[in-house]
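Since the structure comes first, as structure tokens, the remarks are kept for the end.
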């Protein structure tokens, strides 16, 4: 499937996993991300509802507001 390159910011662990993946694994990951983004942009859900769901999922995985703020502050310092 021909596609158009975009840049997506991810955490370092995800970036390292993607970079170390084989070409075949990267193609599969590219397709997975493309399909997920397509679903998200075609969704009838409001952006606010999508963001609520993302927040809920992150919290269920242990991301707290403090951890998020620390990560964002660290990223700003690196820029």
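Numbering (the numbering used here), first residue to last: 14 to 92. Every residue, glycine too, gets a C-beta built ideally from N, C-alpha and C.
{"Query": "Which value, in whole angstroms, describes the spacing of the CA atoms of residue 66 and residue 17?", "Result": "27 Å"}
{"Query": "Using three-state DSSP, classify residue 67 as helix, strand or coil.", "Result": "helix"}
{"Query": "In whole angstroms, give me the CA-to-CA distance for residue 82 and residue 64.", "Result": "17 Å"}
{"Query": "My understanding is that residue 53 touches residue 42, with C-beta atoms under 8 Å, so please give their C-beta distance in whole angstroms.", "Result": "Not confirmed; about 16 Å, so no contact."}
{"Query": "Given this structure, state the Cα-to-Cα distance separating residue 37 from residue 15, to the nearest angstrom.", "Result": "15 Å"}
{"Query": "Identify whether residue 81 lies in helix, strand or coil by the three-state DSSP scheme.", "Result": "helix"}
{"Query": "Can you name the start and end residues of the alpha helix (DSSP H) that residue 27 belongs to?", "Result": "25-33"}
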